[in-house]
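For reference, the structure is listed below as structure tokens.
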Amino acid sequence: MRYLPKSPDERRQMLADIGAASIDSLFEVIPVEYRLDRDLDIPRQQAESEIIDYFRAAADKNATGYASFLGAGAYRHYRPVIIDSLVQRGEFLTSYTPYQAEITQGTLQAIFEFQTMIAELTGMDVANASMYDGSTGAAEAIMMATRITGRHKSVVAATVHPEYREVMATYAKHQGLPSALVGYNRATGHIDLAALEAAVTDETAAILVQSPNFFGVIEDIPAIAAIAHAKGALLIVSIAEAVSLGVVRPPTEADIVSMEAQSFGVALSYGGPFCGVIATKEKYVRQIPGRLVGQTVDGNGNRGFVLTIATREQHIRREKATSNICTNQALVALMATIFLSVYGKEGIRELAEHNLAKADYTAKTLSAAPGAKRLFTGAPGFNEFVLQTDEAPAAWSKRLLDEKIVGGIELSRWYPELKNATLWCATEIITRKQIDTAAKVLAAAPVET
Amino acid sequence: MTTDATTRVTTGKVRPHPTQNEALLFEKSSPGKCAYKLPPLDVPAVDAKSLLGEAHRAQSAQLPELSEIEIIRHFTRLSTWNYAIDLGMYPLGSCTMKYNPRVNEFVSRIEGLAEAHPYRPDSLAQGILEVIDLLQRCLIEITGMDAITLQPAAGAHGEFTGIQLVRAWHESQGNARKKILIPDSAHGTNPATAAVCGYTVENLKSNAEGGIDLEALTRQVDEETAALMLTNPSTIGVFESQIAKIADILHAKGALLYMDGANMNALVGKARPGDFGVDVMHLNLHKTFSTPHGGGGPGSGPVACKAFLEPFLPIPVLVRNADAPKCADAQTWESQDADAAAGGCPPLFRAPFFDSATGERAGDDDPLPLHTPGDAPLHWEYNRPQSIGRVRAFYGNTGMFIRALAYILANGPDGLRQTTEDAVLNANYIRHKLQDIYELPYKTGSMHEVVFSDKRQAALGVKTGDIAKRLIDYGFHPYTVSFPMIVHGALMIEPTESEPLEELDLFIAAMRSIAKEVEETPELVRTAPHSTRVSRLDEVQAARKPILRWRPTKE
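Residue numbers (our numbering), protein chains in the order written: chain A, 1 to 449; chain B, 450 to 1004.
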């Protein structure tokens, strides 16, 4: 086996050194009735070339070369080449969690830079080293708010990503953390502020909203924060499309920001691995879940970095920890850090403005097609919008696929009241030609006779 | 005594080597430098300020401004400050720091897989769904369980999912129950998970051999016990030989056996948890199945379970559409003209299979198929009324599934078995070569890892943490320090199968040399490491006055 660095002679020599009669004698601690006396029924050993052939065939079968207007929590942005050059360096790729600070300063400094960039972008004071993804981050943010406030209820906007809400429900279910859902304004797509105000009580630990929300609409964060803070509740803002922060005002009034950083140079990879992150105010840092890297000095006064405030974590606090999280998404956070270094201060804004322009053009062009209109027009958005068509999406989707275009995702699977409505996303990757083609196909609805 | 920076003295396999200083990105930034270029905008530009109004970001985030070469140098310099498996032995017990094959990285980046959007129609995702399906089937076979979900993002997330399954099943029986039993030798994630799932944690004291005390277990298991969370082999690297009895004691009271699969590298191809009474378990693809640790993640923590827990698995569940027309075009190896978008099956070929009755293997000459002839298309099933719900968005860390499957394919049944045997051989070799100088608190046979205690060295004022730091000077990453907690001053060593004999011998020589230093020059060990960029860091200051981000110094 090509990954195993031993010759048969060396194995024999080692067994002889140990004084073991055979390799199986080392497994005699396993009761004989539980020892597997056959081959595992799995594919035979494959050559490297065969492995590549297999996955290439899978990739081909997946169908490539489609233009895609899909977003909804997973965004296709251009990934600068140096991201993969750098993260594939073995020193990053094959290193463990940096518990031994003296020989993991590279990882530690990079995480410190990541924390700084996320804090800068979100308008928070501090950020952690990462969470699994935006959905579990949101669930952990609610748990964090309950620890801070000592309250147990939360109010969640219906315009938060439906799958995030499902994950929050799974986490909350057995911890006695009831959650109320607040609907949206049918004209603007905003959270229904009046209903929100009515739902928040003295027992509310936190309001959780997403902005830009699932419909692509930017929420009125100052107004929502005022409602939360008036009742002593915290405001958690979930951000699924991180590139929006290049041009959209950060939610500085929030107490906790839970972000999905996938947009920062992370491949779609059919939904993972992505990179969640939690940012917050300085005063709440001891309630934040997950790892934190802090700056310190060594015995000679040199600057260095360590994992810190570990007394929050499971390996120290066990059942009293702030979270059970251990392994996070470090290498993906490194991808995001490199992405943000490449774009930098000016680039992230320019990139965001390109997204804004593409989405604006797409929305205008598609909604100009007969029988199509844009929903939620009263409020600003970023790179996603909702389109409603007279024709059923299943019908035009098929025609789009014939043109190798994947159109917007149908919303009725989560919002039955939004009939024939689809969520479209246009990032900088999409071209005017693809947008125009999509509009033509939409317009070509079969004529009723 | 200490390594003088001006000398080139070899210690173990190490010789001093300069590393470069590198400031923070923010400190290197100058306005106007950039490393990006966007293509010309092919749609009308918009005025962001008027479009967004109040929501417009007035002040840009203070991100660094650098050129591409500076970014390359920055991260390359940082990388040289890290130790890594690619540089040498990384014997962290319980972490399974094995070789991360590069073909795994290669195939995970093939465009059709890496660029697949999670919401693309199932008809355009059949390739990745076949990959997921094959990995699921392999892992079910390896664990001897009946069903699996790949959704959890890491081991602790897998524990969360597994205990939710336990809870859902108990609820379906009329009582969710109140407590989870956890041995005092367990990973910290176990009790933290039980708490997150709304259970109280009851500690189970280990017996004199470091295993489960059957009498204590019998005493403590009652009608309010939901499950026992057991790591097997245990955190001292010992197989619980009473495992079947443990399962029987639990099952007699209606409690379940949860297995933390952190140490599965000792069992793959040699024994299957499903065969020895485990009801539900998680795997760590980033441990046993070679996906890279990446400095702390991403991981992947699939949860495998017995059939009675299957209805509770998180949504969505991958299923073959029984009603769909079968793939009639999948009879031969030759490429087909089938239209993938229409649910057809382009090049598919016969599966090699092992006939356990005859012991013969058929189809070895054929390339691996995407699926077996006659298999219907796959799709995600959401209508699962008893499901615990969703544990993360989308379907899991799919990129890790691709890597883990590539590892399994590269090994095959014989390779996986040999891998396990080599891992156990390496651990026993280290044990044999060090047990005369380091205290072995538990004498039971070791599997994939060996745990010593610092008893003899501590008597001379040198602790396990000091010995670990001194190992760095010899060119090794430290072992796991002070865990498991049932061993006072533990040195937990897991070499994995990836170490050649030469590296093992160097490690053994280093450990023996350090033991000698403890006797002769203890201060040298207590103040180690001496060869690293930074010496021991002030962790107290870091925690007391946390500096968690860079801020510009005020002029």
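The beta carbon of each residue, even a glycine, is placed where N, CA and C say it ideally should be. Treat the numbers as computed from the prediction; the structure is a model and nothing was measured.
Item to check | Residues of its chain near D700 of chain B, where Cβ-Cβ distance is below 6 Å and the 5 sequence neighbours each way are ignored | outcome: Before going further, note that residue 700 of chain B is His rather than Asp in the sequence given. Here the set comprises nothing.
Next on the checklist: Strictly under 8 Å for the Cβ-Cβ distance: is E403 of chain A near chain B by that measure?
Outcome noted: no
Item to check | Cutoff 6 Å; reference A226 of chain A; Cβ partners in own chain excluding five residues on either side | outcome: none
Item to check | Per-residue burial, Y34 of chain A [other beta carbons within 10 Å of its own, 16 or more giving buried] | outcome: buried
Checklist entry - If you count every other CB in all the chains shown that lies within 10 Å of the CB of I316 of chain A, and 16 or more means buried, which is it? => result Burial call: exposed.
Checklist entry - So who's on the other strand from R35 of chain A, going by DSSP bridges? => result As DSSP reads the structure, R35 of chain A sits in a beta bridge with B:A720.
Checklist entry - Between which two residues does the beta strand (DSSP E) carrying K628 of chain B extend? => result 628-632
Next on the checklist: Judging by CA-CA distance, which residue of A:Q434, A:R44, A:L93, A:N355 is the nearest neighbour of R490 of chain B?
Outcome noted: Checking the sequence, you will find Leu at residue 490 of chain B rather than Arg. The shortest Cα separation from L490 of chain B among A:Q434, A:R44, A:L93, A:N355 belongs to A:N355.
Checklist entry - Which chain A residues sit within Cβ distance under 7 Å of P465 of chain B? => result In chain order: nothing, as chain A lies at least about 14 Å away.
Checklist entry - Looking at C-alpha atoms only, which residue of B:G647, B:T638, B:P632, B:G748 is the closest neighbour of A669 of chain B? => result Rather than Ala, the amino acid found at residue 669 of chain B in this sequence is Gln. Residue B:P632 is the option with its Cα nearest to Q669 of chain B.
Checklist entry - What do you get for Q100 of chain A, buried or exposed, if any count of 16 or more other CB atoms within 10 angstroms of its CB means buried? => result buried
Next on the checklist: At 3 residues or longer, what runs of the beta strand (DSSP E) sit wholly inside the region 274-311 of chain A?
Outcome noted: 276-280, 293-297, 303-307
Item to check | Against chain A: residues of the region 646-678 of chain B by CB proximity under 9 Å | outcome: Of all residues in the region 646-678 of chain B, the ones placed with a Cβ closer than 9 Å to any Cβ belonging to chain A are C646, G647, Y648, T649, V650, in chain order.
Next on the checklist: Residues of chain A with CB closer than 9 Å to the CB of E870 of chain B, please, in chain order.
Outcome noted: Neighbours of E870 of chain B on chain A, chain order: R11, I23, D24, L26, F27.
Checklist entry - Taking a cut of 8 Å between CB atoms, which residues from the region 56-71 of chain A lie near chain B? => result R56, A57, A58, A59, D60, K61, N62, A63, T64, Y66, S68, L70
Next on the checklist: Please identify, using Cβ separations under 7 Å, the residues of the region 717-732 of chain B that lie next to chain A, in order along the chain.
Outcome noted: G718, K719, A720, R721, D724, F725
Item to check | 8 Å Cβ cutoff, V900 of chain B in contact with chain A | outcome: Chain A has no Cβ within less than 8 Å of the Cβ of V900 of chain B.
Next on the checklist: In the DSSP output, which residue or residues are listed as bridge partners for R79 of chain A?
Outcome noted: In the DSSP secondary-structure assignment, R79 of chain A is not bridged to any residue.
Checklist entry - So what does DSSP say about H742 of chain B, is it helix, strand or coil? => result coil
Checklist entry - If we cut at 8 Å on Cβ distances, does R89 of chain A have a partner in chain B? => result yes
Checklist entry - Exposed or buried, which one is P774 of chain B when buried takes at least 16 other CB atoms within 10 Å? => result The predicted position of P774 of chain B is uncertain, since its pLDDT is 49 and thus under 50; a value taken from the coordinates is nonetheless stated next. Exposed, because fewer than 16 other Cβ atoms sit within 10 Å of the Cβ of P774 of chain B.
Checklist entry - How many whole angstroms separate the CB atoms of R151 of chain A and E197 of chain A, which I take to be in contact at a CB cut-off of 8 Å? => result Contact doesn't hold; Cβ gap of about 17 Å is too wide.
Checklist entry - So, does the CB of A206 of chain A fall closer than 8 Å to a CB anywhere in chain B? => result no
Checklist entry - Using a Cβ-Cβ cut-off of 7 Å (strictly less than) and excluding sequence neighbours within five positions of V556 of chain B, which residues of its own chain qualify? => result Cβ neighbours of V556 of chain B beyond the five flanking positions: I851, A855.
Checklist entry - Listed in chain order, which residues of the region 353-373 of chain A have Cβ atoms closer than 7 Å to some Cβ of chain B? => result E353, H354, L356, A357, K358, D360, Y361
Next on the checklist: Applying the 10 Å Cβ sphere with the 16-neighbour rule, what's the burial state of V983 of chain B?
Outcome noted: Label assigned to V983 of chain B: buried.
Item to check | Continuous beta strand (DSSP E) stretch holding R769 of chain B: start and end | outcome: 766-769
Checklist entry - Would H77 of chain A count as contacting chain B if we go by Cβ distances under 8 Å? => result no
Next on the checklist: If you reduce the DSSP assignment to three classes, tell me which class D709 of chain B lands in.
Outcome noted: strand
Next on the checklist: Quick check on this structure: which residue in B:A753, B:L599, B:V458, B:M546 has the alpha carbon closest to the alpha carbon of T847 of chain B?
Outcome noted: B:L599
Checklist entry - Does DSSP put W414 of chain A in a helix, in a strand, or in coil? => result coil
Checklist entry - Which two residues bound the contiguous alpha helix (DSSP H) that contains Q210 of chain A? => result Q210 of chain A -> not in any alpha helix (DSSP H); beta strand (DSSP E) instead, spanning 204-210.
Checklist entry - Which residue's Cα is closest to the Cα of L307 of chain A: A:P98, A:R165, A:I42? => result A:P98
Next on the checklist: Closer than 7 Å between beta carbons: that is the criterion. Which residues of the region 955-973 of chain B meet it against chain C?
Outcome noted: Any reference to chain C falls outside this structure, whose protein chains are A and B.
Next on the checklist: Tell me the DSSP secondary structure of G542 of chain B in three-state form.
Outcome noted: Coil.
Checklist entry - Count the other CB atoms within 10 Å of the CB of L706 of chain B; is the residue buried (16 or more) or exposed (fewer)? => result buried
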